[in-house]
Every structure is written in C-alpha cells, then in structure tokens.
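Asks:
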Amino acid sequence: MGRESGFVILNVVFRKEGKWVVAECLELGTSTFGRSYDEADKRLREALHLHLQGLEEVGERERFFMEHGIKLYAEYPSEVEGRISPEVFHKAHVISLEETAIPSSQAV
Numbered sequence: 032m033g034r035e036s037g038f039v040i041l042n043v044v045f046r047k048e049g050k051w052v053v054a055e056c057l058e059l060g061t062s063t064f065g066r067s068y069d070e071a072d073k074r075l076r077e078a079l080h081l082h083l084q085g086l087e088e089v090g091e092r093e094r095f096f097m098e099h100g101i102k103l104y105a106e107y108p109s110e111v112e113g114r115i116s117p118e119v120f121h122k123a124h125v126i127s128l129e130e131t132a133i134p135s136s137q138a139v
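Per the numbering used here, the very first residue in the sequence shown carries number 32; after that it's consecutive.
1. Alpha carbon to alpha carbon, how far is Ala105 from Thr61?
2. Taking its Cβ as the centre, do 16 or more other Cβ atoms sit within 10 Å of His82, making it buried, or is it exposed?
3. Using the rule of at least 16 other Cβ atoms within 10 Å of the residue's Cβ for burial, across every protein chain shown, is Arg94 buried or exposed?
4. Label Val43 either buried or exposed according to how many other C-beta atoms from any shown protein chain fall within 10 Å of its C-beta, with 16 as the threshold for buried.
5. Mapping DSSP to helix, strand and coil, what is Arg46?
6. So Glu88 is in the beta strand (DSSP E); what residue range does that whole segment cover?
7. When you compare only the Cα positions, how much space is there between Asp72 and Ala78?
8. Spatial neighbours of Trp51 within its chain, please: CB distance less than 6 Å, with the 5 preceding and 5 following residues excluded, ordered by chain position.
9. Between which residues of its own chain and Leu103 is the CB-CB distance below 8 Å, once the five residues before and five after are set aside?
In structure tokens form, the structure reads like this:
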C-alpha cells in the first residue's frame with residue numbers, strides 16, 4: 032500500500048486526575064497527560080502522529096481505519112463535529128497524515 036495523504040477526525044476526551052490533565056483519543060486508544068489542558072493536548076497530538084505513522088509503517092492503517100470507523104478526508108474538513116456526550120470535555124482533532132505538525136491556525 033502506498034503512502035496516502037489526507038486528514039482524519041479523532042475524538043479526544045480530557046479529564047482531570049489530581050494535578051494532571053489526561054487526554055485520550057477514543058478511536059486509537061492513545062493517551063497522555065500534562066500539567067494543563069494545553070500541554071496534554073500538545074502531547075497527545077504528538078502521540079497521535081506517532082501512532083498513525085506506526086500503523087502506516089507496518090501496513091495496517093487502512094485495515095485499522097476500516098475496523099474503527101475512521102474516515103479519511105482528502106482535504107481539510109470544513110466542518111468538524113465531535114461525537115461525544117456534551118457533558119464530557121472533549122474536542123475533535125483533525126490530524127494530517129502527511130505532516131508532523133499542524134499550524135495552530137488550523138487546529139480545531
């Protein structure tokens with residue numbers, strides 16, 4: 032499978048655990064923590080990129096996306112909507128499959 036470019040939307044849940052903020056991606060199961068929401072968010076974006084790169088390197092990305100209902104967008108999605116209960120602090124991330132960092136002006 033050749034390297035495919037595009038974007039995915041991943042749902043992230045944040046929760047406070049003591050003095051830490053834990054951020055977890057529901058689709059990938061990837062999680063991390065930080066001293067603030069911004070720090071946890073930044074660390075999770077980095078972890079998500081590494082996770083997605085790993086799936087690509089072992090040729091499992093397409094199968095994983097299909098099994099977990101992750102849609103691949105050719106262009107940056109114009110509307111991003113999370114699918115988590117409004118009672119939970121969360122945000123939907125748009126992740127580029129070809130870049131290691133997304134400009135903050137495009138961050139959701």
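Even glycine gets a Cβ: it sits at the ideal position worked out from N, Cα and C.
Replies: The relevant details are as follows:
1. 23 Å
2. buried
3. exposed
4. Flag for Val43 reads buried.
5. strand
6. Premise fails: Glu88 lies in the alpha helix (DSSP H), Tyr68 to Glu88, not in any beta strand (DSSP E).
7. 10 Å
8. For Trp51, where only same-chain residues beyond five positions count, the Cβ hits under 6 Å are Phe64.
9. Within the same chain, Leu103 has close Cβ partners Glu35, Gly37, Phe38, Val39, Phe96 and Leu128.
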